[in-house]
Amino acid sequence: MGLAVVVAVSDASGRPIAVHCMDGAYHGSFDVAVNKTYTSTAFQMSTAKLSRLCQPGQDLYGLQFSNNGKVMILGGGEPLMVGKTMIGALGVSGGSAQEDSDLAAYGASALKEVIKCL
Numbered sequence: 001m002g003l004a005v006v007v008a009v010s011d012a013s014g015r016p017i018a019v020h021c022m023d024g025a026y027h028g029s030f031d032v033a034v035n036k037t038y039t040s041t042a043f044q045m046s047t048a049k050l051s052r053l054c055q056p057g058q059d060l061y062g063l064q065f066s067n068n069g070k071v072m073i074l075g076g077g078e079p080l081m082v083g084k085t086m087i088g089a090l091g092v093s094g095g096s097a098q099e100d101s102d103l104a105a106y107g108a109s110a111l112k113e114v115i116k117c118l
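full-length UniProt numbering applies: residue 1 is where the sequence shown begins, and numbers increase by one.
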């Protein structure tokens, strides 16, 4: 993709456990990536899905203004699951919402493949 992104990983409570900033990534992407992990764990869904539910006229419109601004409704946050148990979340920021979503979904999928091998 040729993007410079920030990738964050959190535990199941949304606390960051690892953050990697690629050379050239936007400084603002750090907090956005971390907050995408918080959002995915807090609401147990991808930030892309939550984004659709938070649009004007939808049931959760306005939710993005809660939690002291930590709720991100931009694509790029994915819950990390082992079976039906959430073990954490992955947040990506630095590209478009779709690019961030694609990268986060790829990362979550790769983790599932690794876990299957254990």
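Just so it is clear, CB atoms sit at the ideal spot from N, CA and C, and this is done for glycine as well.
Three-way DSSP call (helix, strand, coil) for residue i in this model
{"i": "S10", "result": "strand"}
{"i": "V32", "result": "helix"}
Closest by C-alpha distance to residue i, when choosing among the options
{"i": "D11", "options": "S66, K36, E113", "result": "K36"}
{"i": "Y26", "options": "L118, T39, S93", "result": "S93"}
{"i": "A89", "options": "L3, G2, V7", "result": "V7"}
{"i": "A33", "options": "Q58, G62, G75, K112", "result": "G75"}
{"i": "L63", "options": "T85, M86, K84, T39", "result": "T39"}
{"i": "D23", "options": "G2, L111, S51", "result": "G2"}
{"i": "C21", "options": "G91, K116, F43, G57", "result": "G91"}
{"i": "L80", "options": "F43, V5, G95, L60", "result": "F43"}
{"i": "N68", "options": "L53, Q55, G95, D31", "result": "D31"}
{"i": "G14", "options": "E99, S109, K84, K70", "result": "K70"}
Per-residue burial, residue i [other beta carbons within 10 Å of its own, 16 or more giving buried]
{"i": "M72", "result": "buried"}
{"i": "E78", "result": "buried"}
{"i": "V82", "result": "exposed"}
For the region 35-113, list the beta strand (DSSP E) runs that are entirely contained and at least 3 residues long, ordered along the chain.
-> Those beta strand (DSSP E) runs which fall completely within the region 35-113 and span 3+ residues are 77-82, 85-93.
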